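Chemist: One structure, pasted below without further comment.
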Amino acid sequence: ILNVEQSPQSLHVQEGDSTNFTCSFPSSNFYALHWYRWETAKSPEALFVMTLNGDEKKKGRISATLNTKEGYSYLYIKGSQPEDSATYLCASNNAGNMLTFGGGTRLMVKP
Amino acid sequence: KAGVTQTPRYLIKTRGQQVTLSCSPISGHRSVSWYQQTPGQGLQFLFEYFSETQRNKGNFPGRFSGRQFSNSRSEMNVSTLELGDSALYLCASSLDGWGYGYTFGSGTRLTVV
Chain A
16 ILNVEQSPQS LHVQEGDSTN FTCSFPSSNF YALHWYRWET AKSPEALFVM TLNGDEKKKG
76 RISATLNTKE GYSYLYIKGS QPEDSATYLC ASNNAGNMLT FGGGTRLMVK P
Chain B
18 KAGVTQTPRY LIKTRGQQVT LSCSPISGHR SVSWYQQTPG QGLQFLFEYF SETQRNKGNF
78 PGRFSGRQFS NSRSEMNVST LELGDSALYL CASSLDGWGY GYTFGSGTRL TVV
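As they're listed, the protein sequences go chains A and B. Just add 15 to the spot in the first sequence (first one is 1) and you have this note's numbering. Just add 17 to the spot in the second sequence (first one is 1) and you have this note's numbering.
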């Protein structure tokens with residue numbers, strides 16, 4: 016059974032703060048690591064798909080890094096805004112056409 | 018382009034009944050996966066279909082089944098519903114399921130009473 020873990024479970028920050036979350040995943044049979052942003056009552060929105068060790072991806076104020084050898088990925092948000100409030104999910108593709116999700120990090124940004 | 022469409026959005030069923038949920042993927046996507054989210058649990062993989070074939074199955078009882086049609090639309094069925102089946106069921110479509118991004122639908126909220 017694969018274990019994908021995310022920390023912290025929840026995070027409260029002030030508008031303008033920069034923040035980061037961690038996702039750890041099994042490094043064996045690794046294929047891809049996905050990050051999603053999930054707002055309440057909406058569908059999860061794909062942020063990044065990363066496959067290569069050392070990969071770095073950026074989308075506006077959000078960026079992510081990947082270390083497949085040690086099995087972790089970081090998601091960074093620079094200058095958090097209230098609209099960034101959401102649950103951030105990571106999911107690992109390890110051998111098989113399926114995603115194994117972590118429990119998510121719930122981010123709340125106070126104006 | 019149209020996103021992933023799941024119907025119905027909400028459903029209330031009684032214990033012992035069966036239910037069928039539908040998912041229409043993005044045009045051109047041939048892989049459809051289903052996930053269950055229950056309170057306190059993360060998203061858990063149910064199964065994945067590609068070109069009408071089930072390629073992978075999660076650790077769920079046989080009461081959970083699915084199928085995919087030639088137009089890539091997929092249905093999942095849960096028979097003999099239990100209270101614990103109350104959950105949000107999400108489907109996700111992908112070009113082929115291997116490392117490409119998955120696009121999720123808005124889900125079907127099933128309540129079993």
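For every residue, glycine included, the Cβ atom is placed at its ideal position computed from N, Cα and C. All values reported here derive from a predicted model rather than from experimental measurement.
Looking at C-alpha atoms only, which residue of Lys72(A), Val124(A), Gly119(A) is the closest neighbour of glutamine 61(B)?
Modeler: Ranking Lys72(A), Val124(A), Gly119(A) by Cα distance to glutamine 61(B) puts Gly119(A) first.
Chemist: In terms of residues, what are the limits of the beta strand (DSSP E) holding arginine 121(A)?
Modeler: 120 to 125
Chemist: Where arginine 76(A) and glycine 33(B) are concerned, what is the direct C-alpha to C-alpha distance, given to the nearest angstrom?
Modeler: 48 Å
Chemist: Just by C-beta distance, which residues in the segment 58 to 87 of chain A are closer than 7 Å to chain B?
Modeler: Ser58, Pro59, Ala61, Val64, Thr66
Chemist: How far does the beta strand (DSSP E) with phenylalanine 63(A) in it extend, from its first residue to its last?
Modeler: 60 to 65
Chemist: Say whether chain A places a C-beta atom closer than 8 Å to the C-beta of phenylalanine 62(B).
Modeler: Judged by the 8 Å Cβ criterion, phenylalanine 62(B) is in contact with chain A.
Chemist: In chain B, what lies closer than 7 Å to threonine 120(A) by C-beta?
Modeler: Correct list: empty, because the minimum Cβ distance to chain B is about 12 Å.
Chemist: Would you mind working out which of Glu69(B), Gln85(B), Ser103(B) sits nearest threonine 128(B), comparing C-alpha positions?
Modeler: Threonine 128(B) has its Cα closest to that of Ser103(B), out of Glu69(B), Gln85(B), Ser103(B).
Chemist: What residues in its chain sit with their C-beta under 6 Å from that of tryptophan 50(A), if we drop five residues either side in the sequence?
Modeler: Its chain contains Leu62, Phe63, Ala79, Leu90, Cys105 as the residues whose beta carbon lies nearer than 6 Å to that of tryptophan 50(A), once the 5 sequence neighbours on both sides are disregarded; these appear in chain order.
Chemist: Taking contact to mean 3 or more Cβ pairs, one atom from each stretch, closer than 8 Å, check whether the segment 19 to 30 of chain B and the segment 64 to 73 of chain B are in contact.
Modeler: no
Chemist: When you check each C-beta in the segment 86 to 116 of chain A against every C-beta of chain B, which residues fall closer than 8 Å?
Modeler: Leu104, Ala106, Asn108, Gly111, Asn112, Met113, Leu114, Thr115, Phe116
Chemist: Might you give, ordered along the chain, the residues of its own chain that have their beta carbon closer than 8 Å to the beta carbon of serine 25(A), omitting 5 neighbours on each side?
Modeler: If you ignore the 5 residues before and after serine 25(A), its C-beta comes within less than 8 Å of the C-beta of Thr120, Arg121, Leu122, Met123, all in its own chain and listed in chain order.
Chemist: Comparing the C-beta of histidine 49(A) with each C-beta of chain B, is any distance below 8 Å?
Modeler: yes
Chemist: Contact criterion: CB-CB distance below 8 Å. Does serine 96(B) meet it with respect to chain A?
Modeler: no
Chemist: Using a Cβ cut-off of 7 Å, pull out every chain A residue sitting near glutamate 65(B), in sequence order please.
Modeler: Asn112, Met113
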